[in-house]
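Engineer: Let me begin by handing over the structure; questions about it come next.
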Amino acid sequence: MGRERRRLLVANWKMHFVRAQALEYLKIFTERVRNINKTELVLAPPFTLLETVGRELQKTQIKLAAQNLFYERQGAFTGEISPLMLKDLGCHYVIVGHSERRRLFGETDEIINKKLRAALDAEIAPILCVGETLEERRAGRTQQVLEVQIRGALHTPSPPSGRGSPPPLREGLGERSEDLVIAYEPVWAIGTGVNAEPHEAEANALFIRELLAQLFSAEIAQKIRILYGGSVNPANFEGFLRQPNIDGALVGGASLDPEAFAQLAQMAERLSELS
Ligand code: 13P
Numbered sequence: 109m110g111r112e113r114r115r116l117l118v119a120n121w122k123m124h125f126v127r128a129q130a131l132e133y134l135k136i137f138t139e140r141v142r143n144i145n146k147t148e149l150v151l152a153p154p155f156t157l158l159e160t161v162g163r164e165l166q167k168t169q170i171k172l173a174a175q176n177l178f179y180e181r182q183g184a185f186t187g188e189i190s191p192l193m194l195k196d197l198g199c200h201y202v203i204v205g206h207s208e209r210r211r212l213f214g215e216t217d218e219i220i221n222k223k224l225r226a227a228l229d230a231e232i233a234p235i236l237c238v239g240e241t242l243e244e245r246r247a248g249r250t251q252q253v254l255e256v257q258i259r260g261a262l263h264t265p266s267p268p269s270g271r272g273s274p275p276p277l278r279e280g281l282g283e284r285s286e287d288l289v290i291a292y293e294p295v296w297a298i299g300t301g302v303n304a305e306p307h308e309a310e311a312n313a314l315f316i317r318e319l320l321a322q323l324f325s326a327e328i329a330q331k332i333r334i335l336y337g338g339s340v341n342p343a344n345f346e347g348f349l350r351q352p353n354i355d356g357a358l359v360g361g362a363s364l365d366p367e368a369f370a371q372l373a374q375m376a377e378r379l380s381e382l383s
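Put into structure tokens, the structure is as follows:
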């Protein structure tokens, strides 16, 4: 039986590359992954490269993602980027709530909820990042933390008194549930070279899927893709790919090398051809 969910591999370039570097990268990467069609490939360059990279990707099967967005459509918000602007540049996905944004830029679950809704409203598929810190893991609170983050991001917290509250996300999501992606990224595994054990990541991915079934429905939960992120590289990726509830990866460091990232893509494709 084939896999129900299409595998997804996302490169999060974070704050790396200027135009010449990006173009050099694309020359190598697009060539290496030309044959890939079962696995969905996505590049998330910084804002400044969205147009350059997006133009090159138009000639390929690879999709474009942004790393962040602001939740208002337009207005006096100096320095911010709106969902409409991302849509205009051809972004198919947007990363929301990355742990670096939570930790360094003070993003709360409430802000992340607004960003997620704004992305869906603009028909950009959000890749929602969740994950526990080392302290939380040591305290045995991983799943509790994941639950708070997911409920906070996906579900309307108690409605603000008086003013009209937004409808529950479930209604907004509806048919487009496949457009939501969750990335399980344990904070302690990000950029450290220490990845989670695949079976541990799988247990947490399963926990997330069961929670999604409660929040939406079993059917929708089966369609939502759950990625693993945190020190993924060609040596450890296959262990994650073989887990039934892990549908791909969100890759930082290893995605900066076009050869290494293409290798990850080929690994995912090979397994997808088998299953
Ligand atoms: P690394 O792959 O560098 O650990 O980064 C993971 C990440 O944060 C992707 O969003």
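Start counting the sequence shown at 109; every next residue gets the next number (the numbering used here).
Cβ atoms here follow ideal geometry from the backbone N, Cα and C, with glycine treated the same way.
#1: Which class does Asn120 belong to by DSSP, given the choice of helix, strand or coil?
#2: Specify whether the segment 211 to 221 and the segment 151 to 159 touch according to this definition: at least 3 beta carbon pairs, one from each stretch, less than 8 Å apart.
#3: Where does Glu293 fall in DSSP's three states?
#4: Thinking just about the alpha-carbon of each residue, which of Val126, Met123, Arg163 and Leu151 is nearest to the one in Leu117?
#5: Helix, strand or coil for Glu215, going by three-state DSSP, please let me know.
#6: The ligand 13P and Val289: does any heavy atom of the ligand fall closer than 7 Å to the residue's C-beta?
#7: Can we say the segment 308 to 322 touches the segment 216 to 236, given the rule of at least three CB pairs closer than 8 Å?
#8: In the structure shown, what three-state DSSP assignment does Arg333 receive?
#9: In three-state DSSP terms, what is Ala326?
#10: DSSP has Gly148 in a bridge; who is on the other side?
#11: Which class does Ala128 belong to by DSSP, given the choice of helix, strand or coil?
#12: Going by beta carbon distance, what residues of the same chain come within less than 7 Å of Asn120, once the five residues before and after it are set aside?
#13: Kindly examine the ligand 13P and report whether one of its heavy atoms sits closer than 7 Å to the Cβ of Gln358.
#14: Does the beta carbon of Gly105 fall short of 7 Å from some heavy atom of the ligand 13P?
#15: Quick check: is any heavy atom of the ligand 13P less than 7 Å from the C-beta of Gly347?
Structural biologist: The answer reads as follows:
#1: strand
#2: no
#3: coil
#4: Leu151
#5: coil
#6: no
#7: no
#8: strand
#9: helix
#10: The sequence shown places Glu at residue 148, not Gly. For Glu148, which the question treats as bridged, DSSP gives the partners Leu116.
#11: helix
#12: Ala152, Gln175, Ile203, Leu358, Val359, Gly360 and Ser363
#13: Checking the displayed sequence, the identity of residue 358 turns out to be Leu instead of Gln. The answer is yes for Leu358.
#14: This structure leaves residue 105 out entirely; the chain is present only between 109 and 383.
#15: no
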